[in-house]
Structures are given as structure tokens and as C-alpha cells.
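The sequence shown maps to residues 2 to 232 in our numbering.
Each residue gets a CB set at the ideal place from its N, CA and C atoms; glycine is no exception.
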Amino acid sequence: MTKSLLNKYIGMKKLTLFLFAFYCFIACDLFPAEETLNYITIKKGKAKSKSWTIEDKKNQFFVLGTSESKSICKLELDQNYHLMRFEEVDPSEDYELIAYRDKNQLIAEVKIGKESFSQSHTIDDQRWVQEFAFGFKEFLSSNKKNMKFQILHPKDLSMYELIIIKEEEENLSIDDKTYQAQRVKITLPGFRGRFWKAQAWYDAKSFELLRYKANEGPGTAVSETLFMGKK
């Protein structure tokens, strides 16, 4: 092979490698990493499935939740898993909710049947969590023992302060699979914690929700949500 042909060959090889690297870059941008978490919720002996598809793109996380009842949830989280926007639509109840964070304000609008109204709250730098499957990763991966956060009532748009408290790590078995899990308690701060609390278990490594158990208030039925794997 002559020197000129060798140089051409090397040049073409470099160009091919460059184009391949460029394609990989574009492909990663156009087709970001996705994964789907699958759950079932059992209440009064009836089980309903729900899936959460998580899209990681440009330091943001977009989450889409779909269920058997045709309800849809959409979440937008920043790179630190802080909730920035939440939407929920339930056609069976003619219900729509949109809530989003704008600097130190939380702005929400709900439509129930023919009625709609809006509300805004000043939350400053407080954490806002709407779905317990998302929003606690930073806390769970830290050395903190507890963390207060805000949650929006999905119908009257009032705000409540809750606290999540780490308890013990333990083995948790679901569907013949065992996980190392961090057990937590979620409740109201102070004496109000006597009126409502929830228990949850998160994977000690991935911090994904594995199990959640609670009722909706005094005298209501207990529901249990279980992780059924991901793809």
C-alpha cells in the first residue's frame, strides 16, 4: 500500500469513528434512557396495576404514570429529583389537576366536573412531594434521619406539611424476591402524627419504592402498594 493510500485509509477510518461517535451522541439525545416501574395496589381485596415510565433527558426526569382506570399522572423533576410540575387526569371522575413550582410559589388549578378553581401557596425552598414513589431519593441517599416536606391536597388544593422518618433497614420479600430495604414512616409532625401515618419501604441501593401501606384517614380502608419489577 502506497503512502498516499495509507493516509487516505487512516483519514477515512478517523472520519468513520467520528461519525459513529457523533451518531451515538445524537442517538442518546434523541432516544434518552427509559425504564418502567410496575406496581399493584390492593384495597378491600381488589388489585389494580399501575406503571411509571421514567425518561432521563438533559438533567431532567419526566415521569408518566398510567393505571387500569385510565387515569394518567405526569411529573417533571429536576436533576436533584425535586418536583417541579405535576399533572393528573382521571376521566372516570371528570377530574384534572395541574400544579407547578414557580420560584417560591406553588400554583395549582383543579377541575372537578363542571367546577374549577385555582390556588397559590408560598413554599420558599421547602420540598414538594406529590407521589411517594418519587421525591425522596436525595433524602434516602443522605445521612439525614428525617425530612419535612409539603404535599398538595389533590381536590381542595390546601397544603399540608408531612415528615418522613427513617427507621430500620430490613429484608423485604415480594413475589419470591428479597430486597434490602429501608423502612420509613411518613406522618404529620408533632401530636397530629397520632391521627395518620403511612409505612413505606425503599430499596436501600436504588431507592425505588418497594412497598407502601396506609389508609386515607381515620375509619378508611388500608391499601397496600407493591413493587412488581421493572423493565
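Going by DSSP, Phe62 is part of the beta strand (DSSP E) stretching over 61-68. Per DSSP, Phe208 lies in no beta strand (DSSP E) and is assigned neither H nor E. Counting along the chain, no beta strand (DSSP E) covers Lys104, and no H or E run does either.
In the three-state reduction of the DSSP assignment, Arg128 falls in the coil class, being assigned neither a helical nor a strand state.
The beta carbons of Asn105 and Gln80 sit no closer together than 8 Å.
When the five nearest sequence neighbours on each side are left out, the beta carbons in the same chain lying within less than 6 Å of the beta carbon of Leu227 are those of Ile41, Ile175, Arg212, in order along the chain. Here Lys138 carries a helix assignment [DSSP, helix/strand/coil].
For Ser119, the secondary structure class from DSSP, reduced to helix, strand or coil, is strand.
Thr188 sits buried, since 16 or more C-beta atoms from the chains shown fall within 10 Å of its C-beta. DSSP places Glu171 in the strand class (E or B) of the three-state scheme. Here Ala182 is buried: its Cβ has 16 or more other Cβ atoms, across all protein chains shown, within 10 Å. With contacts defined as CB atoms closer than 8 Å, Gln131 and Leu84 qualify as a contacting pair. Counting every other CB atom within 10 Å of its CB across the protein chains shown gives Gly220 a total below 16, marking it as exposed. Burial state of Phe192 is exposed, judged by a 10 Å Cβ sphere holding fewer than 16 other Cβ atoms.
For Gly230, the secondary structure class from DSSP, reduced to helix, strand or coil, is strand.
Taking Phe196 as reference, the option from Arg184, Asn216, Lys178 with the minimal CA-CA separation is Asn216. Rounded to whole angstroms, the gap between the alpha carbons of Ser207 and Val223 is 26 Å. Under the DSSP definition of a beta bridge, Trp53 partners with Leu38, Gly66. With contacts defined by Cβ atoms closer than 8 Å, Ser50 and Leu38 do not form a contacting pair. Residue pairing by DSSP puts Val111 in a beta bridge opposite Leu98, Phe118. Residue pairing by DSSP places Phe87 opposite Leu76, Ala100 in a beta bridge.
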